[in-house]
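Engineer: Chains as they are written, first to last, in my numbering: chain W, 6 to 265; chain Y, 306 to 573. Quick reminder that beta carbons are idealized off the backbone N, C-alpha and C, glycines included.
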Amino acid sequence: MGSLSINNVSLIFEGRKTDTVVALKNLSLDIPDKQFAVIVGPSGCGKSSLLDLIAGLRDTSGGHCRIDGTTIHRPGADRGMVFQSYSLFPWLTVKRNIAFGPSINGVGKEERDRRTAHYVNAVGLAGFEDAYPTQLSGGMRQRVAIARALANDPQVLLMDEPFGALDSQTRSIMQQLLLDIWEQEHKTVLFVTHDIDEALFLGDVVYVMSARPGRIMDTISVDLDRPRDYDVITSPEFIGLKRRIMTSLHGEVEKTMAIT
Amino acid sequence: MTTRNAVDRLLTPKKPIPAFLEIGSGTGFAIGILVVWCILTYGGIIDPNFLPAPGAVFEAFVKVASNGSLLKHTKVSLTEIYAGFFLSSVIAIPVGIFMGSFRIVAATIEPVVNFMRYLPVTSMIPLLILWIGIGIEEKISVIFLGTFFQQIVLAADVSSRVPDDILNVSYTLGANRRQIVTRVLIPATLPGVMDTLRVTMGWAWTFLVVAELVASNSGLGYMILQAMRGLHPDRIFVGIFVIGFLGLATDMVFKWLTRALLPWAVIR
Chain W
6 MGSLSINNVS LIFEGRKTDT VVALKNLSLD IPDKQFAVIV GPSGCGKSSL LDLIAGLRDT
66 SGGHCRIDGT TIHRPGADRG MVFQSYSLFP WLTVKRNIAF GPSINGVGKE ERDRRTAHYV
126 NAVGLAGFED AYPTQLSGGM RQRVAIARAL ANDPQVLLMD EPFGALDSQT RSIMQQLLLD
186 IWEQEHKTVL FVTHDIDEAL FLGDVVYVMS ARPGRIMDTI SVDLDRPRDY DVITSPEFIG
246 LKRRIMTSLH GEVEKTMAIT
Chain Y
306 MTTRNAVDRL LTPKKPIPAF LEIGSGTGFA IGILVVWCIL TYGGIIDPNF LPAPGAVFEA
366 FVKVASNGSL LKHTKVSLTE IYAGFFLSSV IAIPVGIFMG SFRIVAATIE PVVNFMRYLP
426 VTSMIPLLIL WIGIGIEEKI SVIFLGTFFQ QIVLAADVSS RVPDDILNVS YTLGANRRQI
486 VTRVLIPATL PGVMDTLRVT MGWAWTFLVV AELVASNSGL GYMILQAMRG LHPDRIFVGI
546 FVIGFLGLAT DMVFKWLTRA LLPWAVIR
């Protein structure tokens, strides 16, 4: 129950001191339930803004975003989000961070504890339930952020370059972890990244976004077997898909360089 | 070689130093000042009418402590300060937090708050006497006014520094506006608020003498003023030291309170 429909969406930032920026222009996208969708695009193309619109953190300047047919007007627990900056609550332990969503949504103590324990284990942080975020490494914090979003049982999981701030080894581990969890639950995921390898490794479908104003240039069905092993990134099929994306993106990245 | 390393450690920014050095250098510095004081007074370099000797100050201290007057003055001053500070804090901190979070509040009250913030409290005393009289309420209002507007602005600063992402993620977890304020904004601002309280408590003390300037008959500020009029510099110093140490003690209580209530803010 987590299909997304983005219809002819535009987003314009009116600047008071800066020029007006058209972030998105007539962008349309349909993401069916249970799909792991990835949007890949150059920096500044508007992909994070698109996530903000779907999350309901921003209003569109034109067009609508819909979840299961209902127009999105404001944020809600049906669309959980993981940010690049972790955004954990520093005053709460790992356990309490994860239980935050359920607790503000009236979930009973037993169920809360059950979910917390389940996700602490799912992200591999058993033993760290009573640690505070300041005591954790970046990778561990992001794991808590993911657990926190999932414990709230959203219909859709929005992920805004969640592994961008991590080193490449940690990033690979986190990608694998995310897929492991996803294989169990198959929630609809909309994952935004600028990393082509990451996009192809994770996604069922990769949507390639153009430079600003952002629109979808290419839709690539990633027909690699699941569950995915990290070796797949050196397979010929993977490299073929990667080449296709790189060709599309190369021109766009140059456009971005010219603007910024 | 080891001396070079030790000096290096001391001169590297943010590098921790051994505990004995932390306590030792602070104590040493204070003792050093005491030694200089002794030399200046017992060595006859400065006239005792300007700078009384440590011994004279101590004698004066014993005198006012034993005849009960020091305790009386201290109690009065503590009442004025804590009442004024408490009253100011319970209003200013929430107002400040709302001012930092809601643009409409900031737009409405900020100009007036900033205007009031720069006014010397002394200039408002005649008005206060006219409106409130010369009782302890007037002293409390002086301390209140001295800290109130500063606290609003500092609290607003703390509130506006709460990262947007923390608030945004709470919305995506389904928090309604009330929960955002009670379950996210307030806990997020607590360490900053504690710091604000600790700093402004220090300022509250500095208004004590000003508060007790007019028509007092008790209090540490009054005691200092009487000593000044009667040309008893030793008693002035007693007042200064008592105020200083009470302030220091209050500061330590705040630090301890922060560590006890907000363990997560002090973990390294």
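So is Val340 of chain Y buried or exposed if we call it buried at 16+ other beta carbons inside 10 Å?
Structural biologist: Its Cβ having fewer than 16 others within 10 Å, Val340 of chain Y is exposed.
Engineer: Once DSSP output is grouped into helix, strand and coil, what is the label at Arg573 of chain Y?
Structural biologist: Because Arg573 of chain Y carries a pLDDT of 46, less than 50, the predicted location of this residue cannot be relied on, and the following value inherits that uncertainty. Three-state result, Arg573 of chain Y: coil.
Engineer: Is Asn473 of chain Y close to chain W? Criterion is C-beta to C-beta, closer than 8 Å.
Structural biologist: Yes, contact with chain W.
Engineer: Using a Cβ cut-off of 7 Å, pull out every chain Y residue sitting near Thr175 of chain W, in sequence order please.
Structural biologist: Within 7 Å Cβ-Cβ: nothing; Thr175 of chain W doesn't reach chain Y, min ~20 Å.
Engineer: Using a Cβ-Cβ cutoff of less than 6 Å, which residues in the same chain neighbour Pro138 of chain W once the five nearest sequence positions on both sides are dropped?
Structural biologist: The residues are Leu93, Pro95 and Arg146.
Engineer: Looking only at C-alpha atoms, which of W:Val128, W:Asn110 and W:Asp73 sits nearest to Glu100 of chain W?
Structural biologist: It is worth fixing the name first, because residue 100 of chain W is Lys in this sequence and not Glu. With distances taken between Cα atoms, Lys100 of chain W lies closest to W:Val128.
Engineer: Contact criterion: CB-CB distance below 8 Å. Does Leu62 of chain W meet it with respect to chain Y?
Structural biologist: So, interface residue.
Engineer: Give me, in chain order, the residues of the same chain whose beta-carbon lies closer than 7 Å to that of Thr555 of chain Y; leave out the 5 immediate sequence neighbours on both sides.
Structural biologist: Around Thr555 of chain Y: Met506.
Engineer: Quick one: complete beta strand (DSSP E) runs, 3+ long, within the region 67 to 123 of chain W?
Structural biologist: With a minimum length of 3 residues, the continuous beta strand (DSSP E) runs that stay inside the region 67 to 123 of chain W are 67 to 72 and 84 to 87.
Engineer: Does any residue of chain Y bring its CB to less than 8 Å from the CB of Ile109 of chain W?
Structural biologist: It does: the Cβ of Ile109 of chain W has a partner Cβ on chain Y nearer than 8 Å.
Engineer: Closest to Val426 of chain Y by CA distance: which of Y:Gly497, Y:Tyr476 and Y:Glu443 is it?
Structural biologist: Nearest C-alpha to Val426 of chain Y: Y:Glu443.
Engineer: Along the chain, where does the beta strand (DSSP E) containing Met214 of chain W start, and where does it finish?
Structural biologist: First-last of the beta strand (DSSP E) with Met214 of chain W: Val210 to Met214.
Engineer: Could I get the ranges of all uninterrupted alpha helix (DSSP H) runs contained in the region 404 to 435 of chain Y, with 4 residues as the minimum, in chain order?
Structural biologist: The qualifying runs are 408 to 422.
Engineer: Looking at chain W, is there any beta carbon in it that lies within less than 8 Å of the beta carbon of Gly479 of chain Y?
Structural biologist: For Gly479 of chain Y, the answer is yes, since a Cβ of chain W falls inside 8 Å of its Cβ.
Engineer: Would you say Arg483 of chain Y lies against chain W (beta-carbon separation less than 8 Å)?
Structural biologist: So no, Arg483 of chain Y is outside the interface.
Engineer: Leaving out five residues on either side along the sequence, give the residues of the same chain with a beta carbon under 8 Å from the beta carbon of Gly208 of chain W.
Structural biologist: Same-chain partners within the cutoff: Phe41, Ala42, Val43, Phe196 and Val227.
Engineer: Could you spell out where the beta strand (DSSP E) holding Ala42 of chain W opens and where it closes?
Structural biologist: Unbroken beta strand (DSSP E) run through Ala42 of chain W: Phe41 to Val45.
Engineer: What does the alpha-carbon distance come out to for the pair Lys247 of chain W and Gln160 of chain W?
Structural biologist: So the alpha carbons of these two residues sit roughly 30 Å apart.
Engineer: Determine the DSSP secondary structure at Ser33 of chain W, reduced to helix, strand or coil.
Structural biologist: Correct three-state label for Ser33 of chain W: strand.
Engineer: At the 8 Å Cβ level, is Gly51 of chain W part of the contact set with chain Y, yes or no?
Structural biologist: Chain Y, which has no Cβ nearer than 8 Å to the Cβ of Gly51 of chain W, makes this no.
Engineer: Can you give me the C-alpha to C-alpha distance between Tyr387 of chain Y and Pro359 of chain Y, rounded to a whole angstrom?
Structural biologist: Each residue's alpha carbon lies about 30 Å from the other.
Engineer: With the cut-off set at 8 Å, would you say Ile548 of chain Y and Trp510 of chain Y are in Cβ contact?
Structural biologist: Cβ atoms of Ile548 of chain Y and Trp510 of chain Y: closer than 8 Å.
Engineer: Would you mind giving the Cβ-Cβ distance between Ile448 of chain Y and Phe390 of chain Y, rounded to the nearest angstrom? I have them listed as a contact below 8 Å.
Structural biologist: With 8 Å as the limit, Ile448 of chain Y and Phe390 of chain Y qualify as a contact, their Cβ atoms being about 6 Å apart.
Engineer: Counting contacts by CB-CB distance shorter than 8 Å, is Met214 of chain W in contact with chain Y?
Structural biologist: It does not: the Cβ of Met214 of chain W has no partner Cβ on chain Y nearer than 8 Å.
Engineer: What do you reckon, are the CB atoms on Asp135 of chain W and Thr175 of chain W nearer than 8 Å?
Structural biologist: Against a cut-off of 8 Å, the Cβ pair of Thr175 of chain W and Asp135 of chain W comes out as no contact.
Engineer: So, is the C-beta of Asn102 of chain W closer than 8 Å to a C-beta in chain Y?
Structural biologist: Not closer than 8 Å to any Cβ of chain Y, the Cβ of Asn102 of chain W fails to qualify, so no.
Engineer: Assign Pro47 of chain W to one of two classes, buried (16 or more other C-beta atoms within 10 Å of its C-beta) or exposed (fewer than that).
Structural biologist: By the 10 Å Cβ count, Pro47 of chain W comes out buried.
Engineer: Can you say whether Arg573 of chain Y is buried or exposed, counting buried as having 16 or more other CB atoms within 10 angstroms of its CB?
Structural biologist: With a pLDDT of only 46 at Arg573 of chain Y, under the threshold of 50, the placement of this residue in the model should not be trusted; the figure read from the coordinates follows. Classification of Arg573 of chain Y: exposed, given that the 10 Å Cβ count is below 16.
Engineer: Kindly indicate the opening and closing residues of the beta strand (DSSP E) around Val1 of chain W.
Structural biologist: Since the first and last residues shown for chain W are 6 and 265, residue 1 of chain W lies out of range.
Engineer: Return the residue from the list W:Ile77, W:Val258, W:Ile36 and W:Ala152 that minimises the CA-CA distance to Ala131 of chain W.
Structural biologist: The option with the nearest alpha carbon to Ala131 of chain W is W:Ala152.
Engineer: Is there a Cβ of chain B sitting closer than 8 Å to that of Ser142 of chain W, yes or no?
Structural biologist: Protein chains W and Y are contained in the structure displayed, whereas chain B is not.
Engineer: Assuming contact is defined by CB atoms lying nearer than 8 Å, are Gly451 of chain Y and Phe512 of chain Y in contact in what I supplied?
Structural biologist: In this structure, Phe512 of chain Y lies closer than 8 Å to Gly451 of chain Y by Cβ.
Engineer: Going by beta-carbon coordinates alone, are Ile1 of chain W and Ser33 of chain W separated by less than 8 Å?
Structural biologist: Beyond the ends of chain W as shown, which are 6 and 265, falls residue 1 of chain W; an answer cannot be given.
Engineer: Could you check where the beta strand (DSSP E) with Arg221 of chain W kicks off and where it finishes?
Structural biologist: As written in the sequence, residue 221 of chain W is Ile, which differs from the Arg given in the question. Start and end: Ile221 to Ser226.
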